[in-house]
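In our numbering, the protein residues as written are 62 to 414.
In this text, a Cβ means the ideal position worked out from N, Cα and C, and glycines have one as well.
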């Protein structure tokens, strides 16, 4: 018998989104959510904001902050790629190679878990060229290339850069704890092979608030460099059709990063922020919850914000015979809100019947 191991993340979870088909709620995605104001104080919390979670790839911006503190130098476009879970589109692969070539390495140095590109057309093109899963097409390869570049800059060993006691990973752990304000209690390995450090939902929101406000509050800091890079080059952070990319295009100055298994973090330029964890790990409710949370924080009021694009982001239809017959709707404040025109627009989220 295998012992059950958990940190209580399943306790106190509440609905974050409902899947409505026809006139019935078909499914419910529960989880935890924290919205913080510009002062870092809670604006809205659902479930347990102190739930300990694996932040997964939503922690990448803070990994890059650690790298900058230890000598990484990259132009903003490639800094955004370092913080990415990219699609594996041509511009992403070219960027990874550019990072590596800049420090005299090639893709053979990457230790990211071999995988196919996330973007189906990119994966199809990759296969047509005769390739299979590879380290460079794995969605975290930008981060891995930047980690290698940091090791070269700092004079650290490149062969062991994924070891949890490597100086780079020690620096990442310290930076994550500092940014979130939460001591690291648990350590594991992420899907890409890099060490992963635990935090809380509220801690993740706090970190994104500081990050997004840095360009105004501390413009020369590593945090400001990362925030500007991500918000300026959102296509490098995700790619075609990705919710983080679409959100940052819709809201100037927004810094947003998705993570596997239903984790998300985002911050606005005034320092207000959000984080959530979908308990079942599903990606389907992410855009709806993200868009609703951004609205709650006042994102449409930011100068230059594209309200229509934000509405489209949160519009996740449920399909029947290829046409909308329902919607994925967010549940905030104990009430539900159907995104405007939800039955009439498409989305790149899951559409299986």
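Where the beta strand (DSSP E) through residue i begins and ends
{"i": "residue 335", "result": "334–339"}
{"i": "residue 75", "result": "75–82"}
{"i": "residue 215", "result": "It is not in any beta strand (DSSP E) - residue 215 instead sits in the alpha helix (DSSP H) that spans 202–215."}
Buried versus exposed call for residue i [16 or more other C-beta atoms within 10 Å across all chains shown]
{"i": "residue 244", "result": "exposed"}
{"i": "residue 116", "result": "buried"}
{"i": "residue 248", "result": "exposed"}
{"i": "residue 281", "result": "exposed"}
{"i": "residue 77", "result": "buried"}
{"i": "residue 190", "result": "exposed"}
{"i": "residue 384", "result": "exposed"}
{"i": "residue 84", "result": "exposed"}
{"i": "residue 387", "result": "buried"}
{"i": "residue 417", "result": "Lying outside 62 to 414, the shown extent of the chain, residue 417 is not represented and no answer is given."}
{"i": "residue 369", "result": "exposed"}
{"i": "residue 401", "result": "For residue 401, the pLDDT reaches just 33, beneath the cut-off of 50, and the residue's location in the model is therefore unreliable, leaving the point undetermined."}
Option nearest residue i by Cα separation, candidates the options
{"i": "residue 152", "options": "169, 297, 257", "result": "297"}
{"i": "residue 333", "options": "126, 316, 321", "result": "316"}
{"i": "residue 80", "options": "343, 360, 231", "result": "343"}
{"i": "residue 380", "options": "82, 70, 86", "result": "82"}
{"i": "residue 390", "options": "382, 375, 383", "result": "375"}
{"i": "residue 203", "options": "299, 96, 194", "result": "299"}
{"i": "residue 98", "options": "253, 294, 335, 215", "result": "335"}
{"i": "residue 134", "options": "210, 100, 70, 279", "result": "210"}
{"i": "residue 71", "options": "108, 163, 89, 88", "result": "108"}
{"i": "residue 273", "options": "314, 264, 358", "result": "314"}
{"i": "residue 275", "options": "331, 182, 94", "result": "331"}
Residue i to residue j span [Cα, whole Å]
{"i": "residue 237", "j": "residue 128", "result": "12 angstroms"}
{"i": "residue 325", "j": "residue 319", "result": "5 angstroms"}
{"i": "residue 91", "j": "residue 261", "result": "16 angstroms"}
{"i": "residue 360", "j": "residue 201", "result": "28 angstroms"}
{"i": "residue 340", "j": "residue 327", "result": "18 angstroms"}
{"i": "residue 74", "j": "residue 394", "result": "14 angstroms"}
{"i": "residue 235", "j": "residue 242", "result": "10 angstroms"}
{"i": "residue 364", "j": "residue 169", "result": "44 angstroms"}
{"i": "residue 286", "j": "residue 137", "result": "7 angstroms"}
{"i": "residue 157", "j": "residue 199", "result": "11 angstroms"}
{"i": "residue 373", "j": "residue 100", "result": "29 angstroms"}
{"i": "residue 103", "j": "residue 162", "result": "44 angstroms"}
{"i": "residue 258", "j": "residue 246", "result": "8 angstroms"}
{"i": "residue 174", "j": "residue 292", "result": "27 angstroms"}
{"i": "residue 96", "j": "residue 321", "result": "20 angstroms"}
Cross-strand partners of residue i (DSSP beta bridge)
{"i": "residue 171", "result": "Answer is none; residue 171 lacks a bridge partner."}
{"i": "residue 318", "result": "326"}
{"i": "residue 310", "result": "BP columns for residue 310 are empty, so no partner."}
{"i": "residue 88", "result": "80"}
{"i": "residue 258", "result": "248"}
{"i": "residue 381", "result": "384"}
{"i": "residue 107", "result": "94"}
{"i": "residue 176", "result": "195"}
{"i": "residue 114", "result": "260"}
Distance cut-off 7 angstroms: residue i Cβ against heavy atoms of the ligand PLP
{"i": "residue 115", "result": "By its list of ligands, the structure shown contains no ligand whatsoever, and the ligand PLP lies outside what it can speak to."}
Residue interval of the alpha helix (DSSP H) (run including residue i)
{"i": "residue 194", "result": "Residue 194 -> no alpha helix (DSSP H), and no H or E assigned at all."}
{"i": "residue 156", "result": "151–162"}
{"i": "residue 181", "result": "181–189"}
{"i": "residue 346", "result": "Looking at the DSSP string, residue 346 is not in any alpha helix (DSSP H), and its letter there is neither H nor E."}
{"i": "residue 123", "result": "121–130"}
{"i": "residue 221", "result": "Element bounds for residue 221: n/a, residue is neither H nor E."}
{"i": "residue 364", "result": "It is not in any alpha helix (DSSP H) - residue 364 carries neither H nor E in the DSSP assignment."}
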